[in-house]
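What follows is a short report on a single structure.
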Amino acid sequence: MIPYLCGGTFLAQILRAMERTTTSTDHMNGQKESLPEREVFRRLLSIYRLGEFPADAGGSIKTYASQFKVCQNSLVSFTGFADNDSRMKFDRDVRSERSKALYMMSNFVSECIDIPKNGEQLVRCLLGMIKDDGTIKSTDEFYILPDGSPISKKDIDSTDKIYIEPFLLGVWHYVIMNRAEKNELGAETYQSWYPKRNDYRGTVGSDITMSINVTSAKIEEPTETETDGIFDSQEFTAHIEPQEPTINNYYDIKIKNNIHGNTIQNLTLS
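For the sequence shown, our numbering assigns the number 96 to the initial residue and increments by one for each residue that follows.
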C-alpha cells in the first residue's frame, strides 16, 4: 500500500520540513535549529512519554532512529508504544483541554520548523497520506483540533485553517494508537520516496492543489495539577493566537467548532 501512514513515514516528512543550519550566521539570521535525526526521534518519543526520553537510551538511539524512519522495525519495546499504561496516559492527555503533549509539540515546532517556509509542505504531505491511504477508514478520527476534540478523515476538508501544532500531535497520536506495531508496512512507501539516499522523489499530497491555510497556535503551558494521576481539565485554559498580523483576536480553545469554513472545500477524504 502506497502511501501508508505510520511512524516511519511521519518521521520522514517531519525531517524533510526541518531547516538545515550550517553556520553560526544561519542561527543569527533566525534560521530554525537543525537537529540530528536521532534527536528529532527522541523529541517525538518524549512527547509520547509526556517527559524527557533519555538521549542515551540503550546507547543505540541513532541506529533505532534510522531503522524507524525507513520502516525497518516497529521498535515497540524501545519506544514503549506497546506499554498499555503509557498509551492510556498519552491518549487521555491528547484528548484533554490541557494537554502537556500539545505544549511539548508546540515547543518542538517553534524551535525546529519554519512554518511560513515549510509548514504548508508538511501539512500537505501528511494530508495526502491520510487521503490516499486506503487502510484509513473515512470514519477514523484524528485529534487534530486544538481543544482536544476529534475530526473524522472525511470531515477534515471542513476546516478552513490548520493549526500545525495540534495537527502534528493528532497525526502522531493516530499512528501510536492505531499502528504502533505496523511500522514495517510503510517500507514500500519510504522506498518509493527515497529510491536513493537523500534523493526524495515522493509525490504524496501533490494532487491537493488548493491553498491550505497553515498557521501556528500559541499554546500556554498547562498547570501541573493532577488528581490521582488524571488531569483535571477544569483547571486549565489555553489560548490560540492566530498569527496573521491583521488579526488580534484570541480564541479560547475550550470552545468547540471554532474551526470551520471551506478553504479546503475541494479536498475529499474518503
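Ideal placement from N, C-alpha and C gives every residue a C-beta, glycine not left out.
Nothing here was measured: the structure is a model prediction, and the numbers come from that model.
| Check | Outcome |
| --- | --- |
| Distance between Q108 and V299 (C-alpha atoms, nearest Å) | 10 Å |
| Environment of I350 [buried if 16+ CB atoms lie within 10 Å] | Per-residue confidence for I350 stands at a pLDDT of 32, beneath the threshold of 50, marking its modelled position as unreliable; the derived number appears in the next sentence. The residue is exposed, with fewer than 16 neighbouring Cβ atoms inside 10 Å. |
| Alpha-carbon spacing of M272 relative to D186, whole angstroms | 8 Å |
| Neighbourhood of V204 by C-beta distance below 8 Å, restricted to the same chain and skipping five residues each side | I210, I259, E260, L263 and S311 |
| Spatially closest choice to N202 from I142, K226 and K248, by CA coordinates | I142 |
| DSSP-derived helix/strand/coil call for I97 | coil |
| Buried/exposed call for P290, threshold 16 Cβ in 10 Å | exposed |
| Backbone CA spacing between F148 and S306 [nearest angstrom] | 36 Å |
| Straight-line Cα distance separating D252 from R219 | 12 Å |
| For N308, the nearest candidate out of E316, A275, D255 and T174 (CA to CA) | D255 |
| Beta carbon of E279 nearer than 8 Å to that of C166 | yes |
| Residue burial classification, T318 (beta-carbon count within 10 angstroms, cutoff 16) | exposed |
| Sub-8 Å separation of E192 and D242 beta-carbons | yes |
| Cβ distance (whole Å) where D235 is taken to contact K248 below 8 Å | 5 Å |
| Proximity of K164 and L221 at Cβ, strictly below 8 Å | no |
| Closest by C-alpha distance to L197, when choosing among A150, G214, G146 and T158 | G146 |
| Bridge partners - S247, DSSP secondary structure assignment | E236 |
| Nonlocal neighbours in the same chain, by C-beta distance under 7 Å from V270, ignoring five residues either side | L100, C101, G102 and F105 |
| 6 Å Cβ shell around H268 - same chain, five flanking residues per side excluded | V189 and Y238 |
| Pairwise C-alpha distance: A150 and D178 | 20 Å |
| Simplified DSSP assignment, three categories, for L110 | helix |
| Reference A112, options Q286, G229, E215 and N168, closest by Cα | E215 |
| DSSP-derived helix/strand/coil call for I303 | coil |
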